[in-house]
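When we follow this note's numbering, the leftmost residue of the sequence shown carries the number 11, and every step to the right adds one.
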Amino acid sequence: MENLLKIDRSNCGRYPNALHAQFHNRMHALISGEELATLHLSDALLKEWREYIDTEVSINREAEASILSKRMLEKDGERDKLLSYLFNTVSNERLNSVDNEAREAAERIGYAVDPYRGLQGEAYDAETLHIIGLLEDLDKTEAKPDVQKLGLAPTVARLKTVNKEYQDLQTERMTLRVESKLPSAREIRPQTDAAYYLVCRYIDGSYVLGTPEVRTAIESLILRMNQLIGEAKTAYNLSMGQKKRGSGETPQSPLADEL
């Protein structure tokens, strides 16, 4: 009896969403680089599989946008604290009865700062814009010595950095957001897995029924597929070992035990 190679089971139906999309993306790139006629694979099937993968990638990008939203909130909280410190310092130094120069500096800089008081409670975009205005006022030649006198230069510099980081995150999130409504991962993953399952069956059939020359070529492909599958399994096992799953379960394909 001939010793025929087999495509290993990937268990990809159990992978978390990001690894699932990555696995299919790498496998599609590997297989689509082969001579499709030899594998009896149609362009239509490869295209359909590709579309499912691209949808999964978009879903993962939406999830990343949610992570960016959390980071934006953290940055907003930091800039609110910086603003409160700046405003409170100016207010306190206005009452300074020991250092006249500091009190006078606070009085002068107060004309630039006072119009912006309370901006921590404004809408995010308005706050961002008004922080830019505040920073521009504090960067004017006549204000810089007073900022230095009150020891606020590091606070102002950090506020500028954090506000810029907030804007960068906002731009990145906007770029990641998908205009069209996407299906859920639970809906699309079984379709991606089904397309891959069908591709594997075509490869198996072409290998078993092929000429010796064809078998040699397909054996090379199967070995590379199995290498990729092994890497994905290792990544999955490592992720499971590092963090025990909570209540949220990874959506599984009905083909999970066959893939």
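Note that beta-carbon positions come from the ideal geometry of N, C-alpha and C, so glycine has one too.
Excluding sequence positions up to five before and after ALA28, its CB lies within less than 7 Å of the CB of ASN70, all in the same chain and listed in chain order. In this structure PRO164 is exposed. Its beta-carbon is surrounded by fewer than 16 other beta-carbon atoms within 10 angstroms.
Within a 10 Å sphere around the beta-carbon of GLU146 sit fewer than 16 other beta-carbons, which makes this residue exposed. Buried is the label assigned to THR202, since at least 16 other Cβ atoms lie within 10 Å of its Cβ. The alpha-carbon separation between GLY143 and GLU117 amounts to approximately 19 Å. Taken through DSSP and simplified to helix, strand or coil, TYR176 comes out as helix. Between SER20 and ILE239, the C-beta gap is smaller than 7 Å, which places the two residues in contact. Cβ-Cβ distances below 8 Å link ALA122 to LEU144, ASP147, LEU148, LYS150, ALA153 in the same chain, with the five nearest sequence neighbours on each side left out; the list follows chain order.
By the CB criterion at 7 Å, LYS85 and VAL166 fall outside the cutoff. Taking each of ARG104, LEU169, ALA204 in turn and checking the Cα distance to ASP156, the smallest one comes out for ARG104. Distance from the Cα of LYS174 is smallest, within the candidate group ASP53, GLU88, GLU74, for GLU88. Exclusion of the five residues before and after VAL209 leaves ILE41, LEU51, LEU55, TRP59 as the residues of its chain whose Cβ lies within less than 7 Å of its Cβ. Within the region 16-82, the runs of alpha helix (DSSP H) that reach at least 4 residues and sit entirely inside it are, in chain order, 27-42, 46-49. Rounded to whole angstroms, the gap between the alpha carbons of ALA39 and LEU93 is 50 Å.
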